[in-house]
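> Protein sequences appear in the order of chains A and B. When we follow the working numbering, the leftmost residue of the first sequence carries the number 119, and every step to the right adds one. When we follow the working numbering, the leftmost residue of the second sequence carries the number 119, and every step to the right adds one. Backbone N, C-alpha and C fix where the C-beta goes; we use that ideal spot for every residue, glycine too. One structure coming up, written as structure tokens, with questions to follow.
There are 2 protein chains.
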Amino acid sequence: MGRTSDAREKILAAAQPLIELRGYSALGVAEICKAAGVPKGSFYYFFESKEALALAVLDEHWEAQRGDWARVLRGGGAPLARLRRLFEETEAGLRAGQQSCGTVSGCMFGNLTLELSNQTEPIRERLQQIFEAQVEMVEKVVAEARDRGEATVGDAREAARSIVAQLEGQVLFAKLYNDTRHLDALWENCLSLLSARRTDTASVSS
Amino acid sequence: MGRTSDAREKILAAAQPLIELRGYSALGVAEICKAAGVPKGSFYYFFESKEALALAVLDEHWEAQRGDWARVLRGGGAPLARLRRLFEETEAGLRAGQQSCGTVSGCMFGNLTLELSNQTEPIRERLQQIFEAQVEMVEKVVAEARDRGEATVGDAREAARSIVAQLEGQVLFAKLYNDTRHLDALWENCLSLLSARRTDTASVSS
């Protein structure tokens, strides 16, 4: 019964919001199976362990988010305007989550990094790959802005890493205060980190 | 036996590194008592719950860290030089922890914010108070730098919050990559966030 073809998808679909909201250690396999409506035997048919499930959840979540980031960051408009849109969409996404579950759950990748990355190497490696991919996507936009004379940075990759760090830090505050407006600071801070002139960026972001 | 006068201190001393390293949900009261060398009955004599212990650990950890921050941020030298020293001491502290336990465990306040702040109101409130106190301490230094013409910021509190956000973001990367050198970027990023001129700050930080 449980090993029907959609049991794996049911488990993943149930685990994703649970991990996002409550983290990894607080969750048990039995609770995930109950939420998914599948027997526990099914779980171990599809996943070797809770860690294997977490890796699959990370992969699936990043696949969706990478698509969103690519659409925004490789879309039309001036490079810095696209970064601004990324911040706005991130804030809108957190707000939608807050409206549906009553609380800002933050960034699943940041959450699991601080909860787990020093404890399990497979999860650490996967999170490193995800953050490297994020930094690389931002780096391309930063380099493009620099080449257009709209940003002044020495090392575009380091600048991109600092922008992602600022994003994670402000998402941490948004979660702490259950208030997504902490992300409002991102755009101005990004301009500062890129030594971008406000007048230039005002025109490119319009 | 267990309810001797130092059992509470033993529990706190054992819980602090365990929570810092592995978080809250992954730990059980039995494990904490075993590490502390006290019977479980003792635990509930001193602490109503694991949450009550976590609050006490947060208080004790912040009391020590607040002392360090005050010594550095209210110490001698130009204001921005003191901020730089804070970053350097934070990095040195993370490095010392890494050398003793093999892994960068990050910032306990950041860790518990992302693991727990959306799940328990008492811990959320305590973490808010701690981060507000951090932001306030940085704000005073930023305002002092601004008054000396060494930083250009509109809202010193918002600038301070962005500096603390940047700190938390880079500590997240330090934990993810088990490499404290991610904190090296803090000083340059801080100057950018404060629109501080490098030439000014080079002289004040010497």
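Skipping 5 residues on each side, what residues in its chain have a beta carbon closer than 7 Å to that of Tyr142(B)?
For the purposes of this step, residue 142(B) is taken as the residue at position 24 of the second sequence. Closer than 7 Å at Cβ, skipping near neighbours: Ala172, Leu230, Glu233 and Leu234.
> Could you confirm whether any beta carbon from chain A is found closer than 8 Å to the beta carbon of Glu233(B)?
Here the question's residue 233(B) lines up with position 115 in the second sequence. Yes, Glu233(B) lies at the interface with chain A (some Cβ there is under 8 Å from its Cβ).
> Kindly list, in the order they appear in chain A, the residues whose Cβ is closer than 9 Å to that of Gln252(B).
Counting from 1 along the second sequence, the entry for residue 252(B) is found at position 134. In chain order: nothing, as chain A lies at least about 11 Å away.
> If I measure Cβ to Cβ from Ile137(A) and keep anything under 6 Å in the same chain, skipping five residues before and after, which residues do I get?
Reading the first sequence from its first residue, position 19 is the one you call residue 137(A). Closer than 6 Å at Cβ, skipping near neighbours: Val175.
> Does chain A have any CB closer than 8 Å to the CB of Ala332(B)?
Residue 332(B) is absent from the model: chain B starts at 119 and stops at 324.
> Do the region 268–278 of chain A and the region 220–229 of chain B touch if we need at least three Cβ pairs shorter than 8 Å?
Touching, no.
> Could you give the first and the last residue of the continuous alpha helix (DSSP H) run that contains Gly185(A)?
Indexing the first sequence from 1 puts residue 185(A) at position 67. Unbroken alpha helix (DSSP H) run through Gly185(A): Lys168 to Leu191.
> Within the same chain, show all residues whose beta-carbon is closer than 8 Å to that of Arg244(B), passing over the 5 residues directly before and after it, in chain order.
Position 126 of the second sequence, counted from the first residue, corresponds to residue 244(B). Result list for Arg244(B): Leu173, Leu176 and Asp177, in chain order.
> Give the DSSP-derived three-state secondary structure of Asn296(A) in the structure shown.
One-based indexing of the first sequence puts residue 296(A) at position 178. Asn296(A): coil per DSSP, three-state reduction.
> Taking buried to mean at least 16 other C-beta atoms within 10 Å of its own C-beta, is Gly155(A) buried or exposed?
In the first sequence, residue 155(A) corresponds to position 37, counting from 1. Under this definition Gly155(A) is an exposed residue.
> Taking its Cβ as the centre, do 16 or more other Cβ atoms sit within 10 Å of Lys152(A), making it buried, or is it exposed?
Residue 152(A) sits at position 34 when you count from the first residue of the first sequence. With fewer than 16 other Cβ atoms within 10 Å, it is exposed.
> Is Pro157(B) near Glu262(B), with beta carbons less than 8 Å apart?
If you number the second sequence from 1, residue 157(B) lands on position 39. If you number the second sequence from 1, residue 262(B) lands on position 144. Result no, Cβ atoms of Pro157(B) and Glu262(B) do not sit closer than 8 Å.
> Exposed or buried, Met119(B), counting other C-beta atoms within 10 Å across all chains shown (16 or more means buried)?
Residue numbering aside, residue 119(B) sits at position 1 when the second sequence is read from its first letter. Low per-residue confidence applies at Met119(B): pLDDT is 46, beneath 50, and the placement is therefore not dependable, though the value from the model is reported in the following sentence. When all chains shown are included, Met119(B) counts as exposed.
> Would Thr319(B) pass as an interface residue toward chain A - the criterion being a Cβ-Cβ separation below 8 Å?
Position 201 of the second sequence, counted from the first residue, corresponds to residue 319(B). Per-residue confidence for Thr319(B) stands at a pLDDT of 47, beneath the threshold of 50, marking its modelled position as unreliable; no derived number is given.
> So the alpha helix (DSSP H) Ser160(A) belongs to, where does it begin and stop?
To locate residue 160(A), count along the first sequence from 1; it is residue 42. Note, Ser160(A): alpha helix (DSSP H), Lys158 to Phe164.
> Is any heavy atom in the ligand NAD found nearer than 7 Å to the beta carbon of Ala196(B)?
With respect to small molecules bound, the structure shown includes none, and the ligand NAD cannot be examined in it.
> Just verifying my parser: in three-state terms, what is the DSSP assignment at Cys219(A)?
Translated into positions along the first sequence, residue 219(A) becomes position 101. It is helical.
> So Gly287(A) and Glu286(B) are in contact, right, with Cβ under 8 Å, and what is the actual spacing, rounded?
Numbered from its first residue, the first sequence carries residue 287(A) at position 169. Numbered from its first residue, the second sequence carries residue 286(B) at position 168. Contact flag correct, Cβ pair sits at about 4 Å.
> Distance check for Met226(B) and Asp186(B), CA to CA, integer angstroms please.
Taking the first residue of the second sequence as 1, we reach residue 186(B) at position 68. Taking the first residue of the second sequence as 1, we reach residue 226(B) at position 108. Each residue's Cα considered, the two are about 15 Å apart.
> If we cut at 8 Å on Cβ distances, does Gly224(B) have a partner in chain A?
Within the second sequence, the letter at position 106 stands for residue 224(B). Cβ-Cβ to chain A under 8 Å: yes for Gly224(B).
> Quick check on Glu239(B) - is its C-beta less than 8 Å from some C-beta in chain A?
Taking the second sequence and counting its residues from 1, one reaches residue 239(B) at position 121. By this cut-off, Glu239(B) is not an interface position.
> Rounded to whole angstroms, what is the Cα-Cα separation between Gln88(A) and Ser310(B)?
What is shown of chain A runs 119 to 324, which leaves residue 88(A) out entirely.
> Leaving out five residues before and five after Pro240(B) in sequence, what residues of the same chain have Cβ atoms less than 7 Å from its Cβ?
Reading the second sequence from its first residue, position 122 is the one you call residue 240(B). Within the same chain, Pro240(B) has close Cβ partners Glu169 and Leu173.
> Any Cβ of chain A within less than 8 Å of the Cβ of Leu311(B)?
Numbered from 1 along the second sequence, position 193 holds the residue referred to as residue 311(B). Closer than 8 Å: yes.
> Taking Ala292(A) as the reference, give the member of Arg184(A), Ala188(A), Glu127(A) and Gly215(A) with the closest Cα.
For the purposes of this step, residue 292(A) is identified with residue 174 of the first sequence, where counting begins at 1. Comparing Cα positions, the closest option is Gly215(A).
> Output yes if chain B places a C-beta closer than 8 Å to the C-beta of Lys293(A); else output no.
By one-based count along the first sequence, residue 293(A) stands at place 175. By this cut-off, Lys293(A) is an interface position.
> Would you say Phe249(B) faces chain A, with C-beta separation under 8 Å as the test?
Indexing the second sequence from 1 puts residue 249(B) at position 131. At least one chain A Cβ lies under 8 Å of Phe249(B).
> Cα separation between Arg202(B) and Trp305(B)?
Start at 1 with the first residue of the second sequence, and residue 202(B) comes out as number 84. Start at 1 with the first residue of the second sequence, and residue 305(B) comes out as number 187. When rounded, the distance between both Cα atoms is 6 Å.
> Is the beta carbon of Ala303(A) closer than 8 Å to that of Glu268(A)?
Numbered from its first residue, the first sequence carries residue 268(A) at position 150. Numbered from its first residue, the first sequence carries residue 303(A) at position 185. Contact flag unset, no.
> Using the Cβ count rule (16 or more neighbours within 10 Å means buried), how would you classify Glu257(A)?
As a first step, residue 257(A) must be located in the first sequence, where it is residue number 139. So Glu257(A) ends up on the buried side.
> Ignore the nearest five residues each way along the sequence and tell me which others in Gln134(A)'s own chain have a CB closer than 6 Å to its CB.
Working through the first sequence from its first residue, we reach residue 134(A) at position 16. Counting only Cβ-Cβ distances below 6 Å, and skipping sequence neighbours, we find Val175.
> Taking just the CA atoms, how far does Leu191(A) sit from Glu250(A)?
For the purposes of this step, residue 250(A) is taken as residue 132 along the first sequence, with counting starting at 1. For the purposes of this step, residue 191(A) is taken as residue 73 along the first sequence, with counting starting at 1. Spanning the two alpha carbons is a distance of roughly 15 Å.
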